[in-house]
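K.L.:
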Amino acid sequence: MMQTYFVPLAVDQNYNEINFHKQIAISLLNLDLEKKEKVVRASIIGWPLLIKKTEQGFLVLDQTLRVSSRILKYIYPPFNDVASEFSSMNDYTTFVSNLKKINLKRVSSNEITLIGLLNIEIDKLLKVAKNSVNANYQLFMLDSKLSDHDVKVIKDTLISLKAEAIFTITSLESLVKEVDDVRVRIKKGYASKLEATTKKYNELIENKKKEIDNEVQKANSEIYNETNSEISSRISRLTDITTRHIVVSLKYEGGIVGRDEFENSKNEFENLLNEFRQIKDSVAGKYLEKIKNLRKELDSLYSERNSEIENINKLMKDLDNVTNDFKNDANKVKENIENFIKYIESFYNTKLDMAEDSTLVIPFLIAKTNTGNTLVVQPQVYKGKTRGILGKVFKKSDLSEPLLNLQVFTEYLKTIDIIDNVKIHSIQINNALKEINDEGWRSLDSLEEIYA
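If you count by numbering that gives the first Met the number 0, then the sequence shown holds residues 0 to 451, one letter each, in order.
Here it is, written out as structure tokens:
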């Protein structure tokens with residue numbers, strides 16, 4: 000027989016169950032009544048949940064089928080089909096063009112509603128319920144409508160959604176690998192082209208350097224003969240003029256001749272030296288034009304080599320950039336799908352220490368008032384004895400706080416009709432109210448204060 004656990008209406012700060020009637024009293028004190036608003040009837044309602052064991056973990060299912068979970072599933076392009084288009088691609092232009100056409104974004108979405116599936120932290124509730132000894136709750140239990148078929152649909156749908164998401168990630172990873180393989184192939188081709196280009200131009204450059212050197216070497220004897228002839232015709236004058244200039248300089252220093260004679264001698268000497276300098280320019284000029292033309296050809300080879308290498312390097316860099324941009328986009332899509340998988344997995348409770356299915360009943364206090372309001376109080380954690388005047392000016396959040404956020408249930412509970420099952424405990428509740436007052440909280444003298 001399936002084990003049934005009951006969550007208390009209120010527990011102490013150590014999450015231990017407290018007296019049942021004190022639980023009701025704490026819940027009543029949490030009713031957010033307006034001035035002069037009174038309770039017409041109040042009821043403790045039990046909401047049954049099925050803790051269903053699966054291979055993936057425990058699912059929390061609403062046995063009343065009044066609560067559901069909506070899962071938004073995104074549809075992505077068929078990445079496997081796209082990957083096949085790249086399998087034999089080797090051309091850069093085609094690759095980049097096709098890569099930019101790929102749509103990685105979701106193409107549509109589909110909202111799936113799983114009636115009865117809940118995504119709440121059941122651990123704390125179950126732990127508290129297991130520690131409770133008072134299983135004889137006097138409450139009205141909501142009808143259980145969950146069937147084995149409903150359970151199977153939920154289990155199969157979650158498994159299917161996760162499997163589809165994993166398949167999509169696998170397909171996306173295959174596409175990314177195929178794209179990167181193409182990048183590697185094209186880049187290897189460019190690397191080979193870069194090596195061949197460098198080798199080709201280096202050979203051409205070396206050959207051009209040799210051609211220039213050969214031209215210079217070939218003209219060497221002619222340059223020597225012409226230079227020798229020009230210098231020989233002036234060598235006797237060089238001796239005479241240099242000797243004369245030295246003598247005049249000495250006389251000038253000795254004060255025998257004036258400055259004009261010294262300057263004339265100096266100019267004669269420097270003019271002769273200029274003639275010797277012009278010999279170099281005159282002889283070299285006959286060969287310079289050809290050497291300059293060869294140098295232009297050499298510089299042109301350097302420029303062509305650098306331009307082609309720069310272009311190949313740019314293509315390789317562009318290839319890496321466009322591929323990395325694609326990978327980054329793919330990683331974002333993958334992350335989104337992984338988050339979806341985590342969301343699916345969040346429905347499974349993997350930390351529960353249970354061997355089989357069980358039922359967990361969560362109690363709520365529902366109160367209908369004379370103003371037509373319906374108030375719902377969730378299970379509470381009572382803060383215990385207070386000190387000083389705090390309890391006498393307390394807010395409801397000072398007295399206790401929700402054991403867990405269970406707002407998912409409260410909206411429906413406001414819509415149901417109830418039969419009072421609280422008033423029959425009025426004597427015990429009044430005693431509990433007095434006990435709460437004795438513990439320092441501003442309480443009620445009796446249940447009659449809030450009942451119409």
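Glycine included, each C-beta is placed from N, C-alpha and C at the ideal position.
Computed from a predicted model, the values in this text were never measured in an experiment.
1. Along the alpha helix (DSSP H) that carries Y75, what are the first and last residues, could you check?
2. Do A329 and L103 have their CB atoms nearer than 8 Å?
3. Write down the C-beta distance between Y4 and L125 rounded to the nearest angstrom, noting that I regard them as a contact closer than 8 Å.
4. Counting only beta-carbon separations shorter than 8 Å, does K126 have a partner in chain C?
5. Let's see if you can read the secondary structure: which residues bound the beta strand (DSSP E) around E400?
6. Skipping 5 residues on each side, what residues in its chain have a beta carbon closer than 7 Å to that of N436?
7. Check each candidate in I25, R182, K51 and name the one with the smallest Cα separation from T93.
8. Assess contact between the stretch 288-296 and the stretch 151-163, defined as three or more Cβ pairs (one per stretch) separated by less than 8 Å. Is contact present?
9. What three-state label does DSSP hand L64 in the structure shown?
10. Where L249 and E225 are concerned, what is the direct C-alpha to C-alpha distance, given to the nearest angstrom?
11. Looking at L138: is its Cβ nearer than 8 Å to the Cβ of G56?
12. How many Å lie between Y301 and K316 at the Cα?
13. Tell me which residues share the same chain as Y75 and place their Cβ nearer than 6 Å to its Cβ, disregarding the 5 neighbours each side in the sequence.
14. Check for me: the beta strand (DSSP E) holding E110 runs from which residue to which?
15. Spatial neighbours of A162 within its chain, please: CB distance less than 8 Å, with the 5 preceding and 5 following residues excluded, ordered by chain position.
16. Out of curiosity, what's the CA-to-CA distance linking V95 and V321?
17. What does DSSP give as the partner residue(s) for G45 in the beta ladder?
18. Taking K295 as the reference, give the member of K192, Q12, K207, V360 with the closest Cα.
19. Would you check if there are 3 or more beta carbon pairs closer than 8 Å linking the stretch 73-89 to the stretch 173-190?
20. Quick check on this structure: which residue in I418, S399, Y450 has the alpha carbon closest to the alpha carbon of S26?
21. Using the beta-carbon count (16 or more within 10 Å), is S232 buried or exposed?
22. Do T358 and L49 come within 8 Å of each other at the CB atom, strictly closer than that value?
23. Go to L374, then tell me how far its beta strand (DSSP E) extends in each direction, as first and last residue.
24. Do you know whose CA, among L28, L8, M1, N273, lies nearest E448's CA?
25. Count the CB pairs spanning the stretch 262-271 and the stretch 231-245 that are closer than 8 Å, and state whether there are at least three.
26. Verify whether the separation of the beta carbon atoms of G383 and D149 is less than 8 Å.
27. Between L30 and N404, what straight-line distance do the alpha-carbon atoms span, to the nearest angstrom?
28. Could you tell me if L71 is buried or exposed, where buried requires 16 or more neighbouring beta carbons within 10 angstroms of its beta carbon?
29. Relative to the C-alpha of R304, which candidate in N118, A195, K151 has its C-alpha closest?
30. Taking L117 and S68 to be in contact with their CB atoms under 8 Å, please state how far apart those CB atoms are, rounded to whole angstroms.
31. Identify the continuous beta strand (DSSP E) that holds V380 and give its terminal residues.
32. With a threshold of 8 Å on Cβ separation, who are the neighbours of L32 within its own chain once the five nearest residues in sequence on each side are excluded?
33. Taking the Cβ atom as the reference point for each residue, do I426 and S42 lie within a distance shorter than 8 Å?
34. Go ahead and pull the three-state DSSP assignment for K35.
35. When DSSP builds the beta bridges, which residues end up paired with E16?
36. When you compare each of K413, F346, L351 to Q377 by their alpha carbons, which one comes out closest?
P.N.:
From the atom records:
1. Per DSSP, Y75 belongs to no alpha helix (DSSP H) and is neither H nor E.
2. yes
3. 6 Å
4. The structure shown contains no chain C, having only a single protein chain.
5. 399-401
6. S442
7. Residue nearest to T93 within the set I25, R182, K51 is R182 (criterion: CA-CA distance).
8. no
9. coil
10. 35 Å
11. No, the pair does not count as a contact, with Cβ atoms beyond the cut-off.
12. 22 Å
13. Non-local beta-carbon contacts of Y75 in its own chain, meaning distances under 6 Å to residues more than five positions away in sequence, involve R105, T167 in chain order.
14. 107-114
15. Answer for A162: no residue qualifies.
16. 7 Å
17. M140, P362
18. K207
19. Taking a cut-off of 8 Å for Cβ pairs, the stretch 73-89 and the stretch 173-190 touch, as three or more such pairs fall below it.
20. S399
21. exposed
22. yes
23. 373-376
24. L28
25. yes
26. no
27. 17 Å
28. Looking at its Cβ environment, which holds fewer than 16 other Cβ atoms inside 10 Å, L71 is exposed.
29. A195
30. 7 Å
31. 379-381
32. V38, T368, L374, I449
33. no
34. coil
35. V10
36. Comparing Cα positions, the closest option is K413.
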